[in-house]
Amino acid sequence: MVLAVTGGIACYKAVEVVRLLMRDGFSVQVAMTREAAQFVTPLTFQTLSGQPVATDTFSLTEESQIGHINLADQADVFVIAPATANIIGKIASGIADDLLTTVVMATQAPVLFAPSMNVHMFENPIVQENIRKLRRVGYHFMEPVEGYLACGYEGKGRLPEPEAIVEEIRGLLKKKDLAGERLLITAGPNQEPIDPVRFITNRSSGKMGYALARAAARRGAAVTLVAGPTSLPPPAKTRVVAVRTAEEMRAAVLERFADATAVVMAAAVSDYSPVQVAPKKLKKTADALRLELKRNPDILEELGRKKDGRLLVGFAAETDNVIANAEKKLREKNLDMIVANDVAAEGSGFEGDTNIATILDHGGNVVTLPLMTKDELADRIFDHLHALKTNRP
Ligand code: CTP
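In our numbering, each residue's number is its place in the sequence shown (first place is 1) plus 75.
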């Protein structure tokens, strides 16, 4: 991929973007305008990317090493971060008078702009018209973020955080095979209150459900994530509905079920909740305290009874007889797919970033997967779901 850096104070954040992309295994070719090189030296980018930095079309050595048409042809995605008002204006007007604008003009790869500038510059009707024009013909844009700007103003103009830019790039590179799907995904634990300061919960971190939401959004689905309490950042391009109890989760899911084409229940729904919630903090008086619990509704089972054409995916977190228990849940809850995992196995389960899972479907197929990251597993789950949908009679 090509990362083009143009001259704004946010250039320092582009350095972090390169570092994150390298961590993710991308091959990054950096191109800089002369102005950008006033903010951060090409040597910084060259050291991080491990490749010479392209700066000048009219340099004989550079042209023989990199070649501007070569750069345009080889890029699978072209990112301009930070993008100044000047570069947006030049590209919108069809000007190609330096290396960067020439390459952008010649590339057939998707081009992503991450603008960053003074708030009044960003709001300038000419800049806005240029952005609209570029969007109309297929260029992609990220919105600048609101906040404190280097020029001293507060407002919309900050470059999005490096991680958000990298996430946008991942999305651009994905096949949009889930376009048209409206996915309802649940994630995280529930909290069942005992009194105003205490609750019952479980060890779910929400990481699997959030990975599913990210993967589905990248692949073009419209995603609603109904999430129990977690400390995770909201996934990009996802509507997040925050809930606490199983009952709240049930209500949030049922409300959005009619509109969904598929539901993935990755939440570790609390099976029980206290019969009584004390209105005031319980004091420690007796030597022992007995809590009476009642069964919570089984959300997935309820969906299974009224699913119509919707695809339903469940999770089975087990510690023994993993496959047999998962198969039973698949059948009893009328699911299309279930993802079984042995939460007691090393590298699998709640808090980590990896999982070891087996996918079972209503056709009797059983796919045993090796240890992989939750992000990879999310994609495998959607590959399977997509295949089920495509092969449907
Ligand atoms: N689930 C649900 N509502 C519940 C309990 C579970 O929707 N009250 C969903 C989970 O989100 C998961 C699947 O059902 O997708 C299986 O959850 P799990 O807790 O493993 O199984 P249970 O059906 O609760 O059975 P058990 O706890 O006895 O293993």
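The beta-carbon is built from N, C-alpha and C at its ideal position, and this holds for glycine as well.
Whole-Å CB distance - residue i paired with residue j, under 8 angstroms assumed
i      : j      : result
Ala391 : Lys404 : 5 angstroms
Met283 : Asn430 : 7 angstroms
Val298 : Ala286 : Not confirmed; about 12 angstroms, so no contact.
Met97  : Val154 : With 8 angstroms as the limit, Met97 and Val154 do not qualify as a contact, their Cβ atoms being about 14 angstroms apart.
Val90  : Val115 : 6 angstroms
Phe120 : Ala158 : So it is not a contact: roughly 16 angstroms between Cβ atoms.
Leu368 : Ala337 : That pair is no contact at about 32 angstroms.
Pro193 : Leu224 : For clarity, residue 193 is Asn in the given sequence; the question names Pro instead. At roughly 6 angstroms, the Cβ-Cβ gap stays under 8 angstroms, so Asn193 and Leu224 are in contact.
Glu110 : Gly142 : Between Gly142 and Glu110 the Cβ distance is about 23 angstroms, and since that is not below 8 angstroms, they are no contact.
Asp395 : Arg370 : With 8 angstroms as the limit, Asp395 and Arg370 do not qualify as a contact, their Cβ atoms being about 22 angstroms apart.
Ala254 : Gly295 : 4 angstroms
Thr433 : Val441 : 6 angstroms
Ile413 : Leu435 : 5 angstroms
Same chain only: Cβ atoms within 8 angstroms of residue i, ignoring 5 sequence neighbours per side
i      : result
Arg210 : Phe216
Pro117 : Val105, Met107, Val128 and Thr130
Glu393 : Asn400, Ala401, Ala415, Asn416, Asp417 and Val418
Lys231 : Val194, Phe197, Glu198, Glu218, Pro219, Val220 and Glu221
Coil, strand or helix - residue i by DSSP
i      : result
Thr448 : strand
Thr465 : helix
Phe425 : coil
Met217 : coil
Ala415 : strand
Gly284 : helix
Arg207 : helix
Asn409 : coil
Met76  : coil
Gln183 : coil
Leu386 : strand
Glu110 : coil
Arg455 : helix
Tyr347 : strand
Gln266 : coil
Lys67  : This structure leaves residue 67 out entirely; the chain is present only between 76 and 468.
Ile431 : coil
Val212 : coil
Arg370 : strand
Pro310 : coil
Thr443 : strand
Ala18  : Residue 18 is absent from the structure shown; the chain starts at 76 and stops at 468.
Val154 : strand
Ala254 : coil
Extent of the continuous alpha helix (DSSP H) run through residue i
i      : result
Gln121 : Pro117 to Ser124
Thr261 : Run containing Thr261: none in the alpha helix (DSSP H); it sits in the beta strand (DSSP E), Arg257 to Ala262.
Gly246 : Pro237 to Leu248
Glu377 : Ile374 to Arg380
Val315 : Note, Val315: premise wrong, no alpha helix (DSSP H); beta strand (DSSP E) at Thr313 to Ala317.
Gly164 : Ala160 to Ala167
Ala147 : His143 to Gln149
Phe197 : Val194 to Glu198
Residue i, enclosing beta strand (DSSP E) - first and last residue
i      : result
Gly222 : Val220 to Tyr223
Leu329 : From DSSP, Leu329 is part of no beta strand (DSSP E) but of the alpha helix (DSSP H) over Ala321 to Phe332.
Arg294 : Here Arg294 belongs to no beta strand (DSSP E), and DSSP marks it neither H nor E.
Lys88  : First-last for Lys88: Cys86 to Arg98, but that is the alpha helix (DSSP H), not the beta strand (DSSP E).
Phe274 : Arg273 to Ile275
Met340 : Ala337 to Met340
Nearest residue (CA-CA) to residue i, options the options
i      : options                           : result
Arg319 : Ser279, Ser191 and Ile155         : Ser279
Leu78  : Glu221, Pro237 and Ile170         : Pro237
Ala150 : Phe114, Thr122, Gln104 and Ile163 : Gln104
Gly422 : Asp148, Gly438, Asp411 and Leu444 : Leu444
Ala321 : Ile244, Lys358 and Asp373         : Asp373
Leu174 : Glu451, Val80 and Glu377          : Val80
Ser168 : Asn145, Gln183, Ile206 and Glu138 : Ile206
Gly125 : Leu248, Ile144 and Val93          : Val93
Gly248 : Glu138, Cys86, Pro185 and Pro190  : It is Leu, not Gly, that sits at residue 248 in the sequence shown. Answer by Cα proximity: Pro185.
Cβ shell of residue i (< 6 angstroms), same chain only, five flanking positions each side left out
i      : result
Pro264 : Thr276, Asn277, Ser279, Gly303 and Ala343
Leu375 : Met340, Gly389 and Lys408
Val352 : Pro268
Leu259 : Thr299, Arg331, Ala335 and Val338
Asp270 : Ala353, Lys356 and Leu357
Phe425 : Arg278, Ser279 and Ser280
Ser348 : Glu267 and Asn371
Close Cβ partners of residue i (< 7 angstroms) along its chain, the five nearest in sequence each way excluded
i      : result
Asp334 : Arg257
Met196 : Ala160 and Val202
Ile170 : Thr176
Gly379 : Leu387, Lys408, Asn409 and Leu410
Leu95  : Pro237, Glu238 and Val241
His310 : Rather than His, the amino acid found at residue 310 in this sequence is Pro. Answer for Pro310: Tyr285, Ala288, Arg289, Ala292 and Leu300, listed in chain order.
Glu272 : According to the sequence displayed, residue 272 carries Val and not Glu. Excluding residues within five positions, the ones whose Cβ falls inside 7 angstroms are Lys356.
Heavy atom of the ligand FAD within 7 angstroms of residue i beta-carbon
i      : result
Met412 : Although the ligand FAD was asked about, the structure shown includes only the ligand CTP as ligands.
Any chain E beta carbon closer than 8 angstroms to residue i
i      : result
Val418 : Reference to chain E is not applicable here, since this structure consists of a single protein chain.
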